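The sequence shown begins at 17 in our numbering and counts up one residue at a time. From the three backbone atoms N, C-alpha and C, an ideal C-beta is built for every residue, glycine too. Quantities reported herein were computed from a predicted structural model and do not represent experimental measurements.
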Amino acid sequence: MVQTLSAALARRVALAAQGFGRPRPDAVGTRQLNALIDRLHLLQIDSVNVFERSHYLPVFARLGAFDKTLLDRLTFAAKAPHTEYWAHEAAFMRREDWPLFRWRMREFRERYGTADDSWFQTNRSTVDWLRAELAANGPLAASEIEHDANVRKGPWWGWSDVKQALEYMFYFGEVAIAGRTRFQRRYALAEQVLPPDVLNRDIDKPDAVRELIRRGARAHGVGTLRDLADYYRVKHAAVARAAIRDLEDAGELIPVHVQGWGTPERPVAAWLHKEARLPRRITADALLSPFDPVVWERARAERMFDFRYRIEIYTPAPKRVYGYYVLPVLQDDRIVGRVDLKNDRQAGILRVQAAWAEPSANDGTAERLAGLLHEAAAWQGLGGVEVAGRGTLAAALAAAV
Numbered sequence: 017m018v019q020t021l022s023a024a025l026a027r028r029v030a031l032a033a034q035g036f037g038r039p040r041p042d043a044v045g046t047r048q049l050n051a052l053i054d055r056l057h058l059l060q061i062d063s064v065n066v067f068e069r070s071h072y073l074p075v076f077a078r079l080g081a082f083d084k085t086l087l088d089r090l091t092f093a094a095k096a097p098h099t100e101y102w103a104h105e106a107a108f109m110r111r112e113d114w115p116l117f118r119w120r121m122r123e124f125r126e127r128y129g130t131a132d133d134s135w136f137q138t139n140r141s142t143v144d145w146l147r148a149e150l151a152a153n154g155p156l157a158a159s160e161i162e163h164d165a166n167v168r169k170g171p172w173w174g175w176s177d178v179k180q181a182l183e184y185m186f187y188f189g190e191v192a193i194a195g196r197t198r199f200q201r202r203y204a205l206a207e208q209v210l211p212p213d214v215l216n217r218d219i220d221k222p223d224a225v226r227e228l229i230r231r232g233a234r235a236h237g238v239g240t241l242r243d244l245a246d247y248y249r250v251k252h253a254a255v256a257r258a259a260i261r262d263l264e265d266a267g268e269l270i271p272v273h274v275q276g277w278g279t280p281e282r283p284v285a286a287w288l289h290k291e292a293r294l295p296r297r298i299t300a301d302a303l304l305s306p307f308d309p310v311v312w313e314r315a316r317a318e319r320m321f322d323f324r325y326r327i328e329i330y331t332p333a334p335k336r337v338y339g340y341y342v343l344p345v346l347q348d349d350r351i352v353g354r355v356d357l358k359n360d361r362q363a364g365i366l367r368v369q370a371a372w373a374e375p376s377a378n379d380g381t382a383e384r385l386a387g388l389l390h391e392a393a394a395w396q397g398l399g400g401v402e403v404a405g406r407g408t409l410a411a412a413l414a415a416a417v
């Protein structure tokens with residue numbers, strides 16, 4: 017008979033798997049950072065820094081205030097133990113994990129780089145020149161490369177042909193990222209970044225996907241097929257399903273039903289990782305990045321926390337419901353609110369431009385959130401917190417702050 021978990025236990029399992037509910041260390045050093053990254057397996061990257069760049073926020077959410085330069089040494093340095101690839105979206109990951117994505121690199125090349133009329137093929141002269149330039153002078157940022165094609169253009173990111181070619185070569189695994197400078201990627205040929213044992217290791221797609229599903233299951237604790245596959249953006253449902261079947265047969269995944277996931281007549285299939293903790297309670301106070309694994313799959317966040325979340329950065333201001341850079345507020349095993357934050361570096365103030373309560377908020381929500389915001393401001397080197405009047409939680413939060 018398939019085991020049934022309550023919705024509350026499923027939330028606690030998921031949060032415990034993500035590193036919540038543990039005592040914060042007295043000090044955060046390289047050992048704690050490496051352990052957390054190894055638990056999450058990746059840190060998603062995003063360029064928006066209206067409050068703070070996204071990859072720092074899961075660390076702050078789980079470990080508290082830390083020295084960002086320590087994480088920079090693990091991710092930005094040329095010889096860092098982590099590099100980047102399209103693991104979920106663009107993400108920092110262990111260099112040793114590179115071969116797990118060979119199949120994705122091959123599929124990217126087949127999709128974007130083989131047709132005669134593809135951008136990559138019609139710009140072979142730029143690609144060939146770049147390959148030689150990186151071999152002679154890499155690693156290089158796109159801005160450091162002098163070429164007639166390195167002229168920004170276009171209505172969106174304004175990528176030059178050089179930048180476009182570098183990104184395609186990165187997709188295909190021909191180029192790897194050798195750290196960042198001022199948040200700019202430094203591109204190099206893969207052999208300039210990766211050790212031979214990593215560079216020369218190939219893993220068949222079924223074996224790679226099985227390992228990625230295994231890691232996604234361990235990091236999520238419990239989840240549906242879509243949840244476990246999405247952790248590494250495995251979009252081939254049949255391949256993901258086969259991997260789950262293998263892991264279930266091996267005893268690593270345990271089939272379960274979660275109350276409220278589907279209906280009693282048609283429950284949604286889910287799996288519990290065999291090593292998942294089943295805590296009786298979770299104590300947590302955290303600001304979640306829009307790209308934190310707890311909420312990055314929006315359907316999972318809605319199913320698990322009854323929390324509908326859409327990022328509104330690209331929504332015109334008059335049409336935004338909650339704000340520009342809105343972070344979910346986690347308290348214990350519930351998402352109790354959301355805050356639109358801005359780091360006003362010039363004024364030295366953390367600005368709460370809007371604060372909204374969720375149905376799960378209670379009388380202590382504002383007080384706990386105020387303490388967390390002061391902690392966040394101190395971590396950012398800011399002198400205080402100011403709350404604007406917008407949102408259903410704003411008045412209570414302003415009083416608590």
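Could you tell me which of the options sits nearest to residue i, measuring between CA atoms?
i: residue 319; options: 23, 18, 17; result: 23
i: residue 405; options: 370, 387, 228; result: 370
i: residue 294; options: 64, 74, 236; result: 236
i: residue 252; options: 31, 123, 91, 68; result: 123
i: residue 221; options: 121, 51, 107; result: 121
i: residue 198; options: 414, 338, 63, 340; result: 63
i: residue 17; options: 271, 372, 343; result: 271
i: residue 58; options: 45, 28, 248; result: 248
i: residue 364; options: 158, 397, 260; result: 397
i: residue 399; options: 377, 376, 361; result: 361
i: residue 312; options: 384, 275, 34; result: 34
i: residue 211; options: 98, 29, 60; result: 98
i: residue 330; options: 339, 323, 309; result: 339
i: residue 348; options: 334, 321, 368; result: 321
i: residue 89; options: 46, 378, 60; result: 46
i: residue 376; options: 356, 395, 352, 368; result: 352
i: residue 269; options: 368, 275, 277, 230; result: 230
i: residue 149; options: 279, 182, 175, 296; result: 182
i: residue 27; options: 131, 379, 316; result: 316
i: residue 144; options: 131, 178, 126; result: 178
Could you name the residues of the same chain whose beta carbon sits closer than 8 angstroms to that of residue i, not counting the 5 residues immediately before and after it, in chain order?
i: residue 117; result: 101, 102, 103, 189, 224
i: residue 254; result: none
i: residue 214; result: 111, 112, 114, 115
Residues in its own chain within less than 7 angstroms of residue i by CB, not counting five upstream and five downstream?
i: residue 218; result: 115, 118
i: residue 155; result: 94, 194, 202, 203, 204, 208
i: residue 417; result: 386, 389, 401, 403
i: residue 128; result: 134, 136, 184, 187
i: residue 92; result: 195, 196
i: residue 25; result: 294
Please state whether DSSP places residue i in a helix, a strand or coil.
i: residue 183; result: helix
i: residue 174; result: For residue 174, the pLDDT reaches just 49, beneath the cut-off of 50, and the residue's location in the model is therefore unreliable, although a value from the coordinates is still provided. Three-state DSSP puts residue 174 in coil, outside helix and strand.
i: residue 58; result: coil
i: residue 355; result: strand
i: residue 249; result: coil
i: residue 398; result: coil
i: residue 239; result: strand
i: residue 387; result: helix
i: residue 332; result: coil
i: residue 344; result: strand
i: residue 408; result: coil
i: residue 256; result: helix
i: residue 371; result: strand
i: residue 88; result: helix
i: residue 19; result: strand
i: residue 63; result: coil
i: residue 34; result: coil
i: residue 72; result: helix
i: residue 379; result: coil
i: residue 232; result: helix
Could you name the residues that DSSP lists as bridge partners for residue i?
i: residue 271; result: 287
i: residue 349; result: None; residue 349 has no bridge partner.
i: residue 192; result: 204
i: residue 366; result: 359, 401
Apart from the five residues just before and just after residue i, which ones in its own chain have a Cβ nearer than 6 angstroms to its Cβ?
i: residue 412; result: 382
i: residue 173; result: Legend: pLDDT at residue 173 = 46, less than 50; position of this residue unreliable, value from coordinates given subsequently. There are no such residues.
i: residue 393; result: 366, 401
i: residue 328; result: 336
i: residue 302; result: 77, 346
i: residue 350; result: 376
i: residue 44; result: 79, 82
Report yes or no: is there a C-beta of chain C within less than 8 angstroms of the C-beta of residue i?
i: residue 220; result: Considering every chain present, this structure includes no chain C. It has just one protein chain.
Does the beta carbon of residue i fall short of 7 angstroms from some heavy atom of the ligand NAD?
i: residue 86; result: Although the ligand NAD was asked about, the structure shown includes no ligands whatsoever.
| In the region 277-327, which residue ranges form an unbroken alpha helix (DSSP H) of at least 4 residues, counting only runs that do not cross its ends? | The region 277-327 contains these whole alpha helix (DSSP H) runs: 314-321.
| message | If we require 4 or more residues per run, which alpha helix (DSSP H) segments fall completely within the region 90-174? | response | Within the region 90-174, the complete alpha helix (DSSP H) runs of at least 4 residues are 118-128, 135-138, 140-153.
| said: Please give the ranges of any beta strand (DSSP E) in the region 194-229, keeping only runs that are unbroken, at least 3 residues long and fully inside the region. | reply: Listed in chain order, the beta strand (DSSP E) runs fully inside the region 194-229 are 200-205, counting runs of at least 3 residues.
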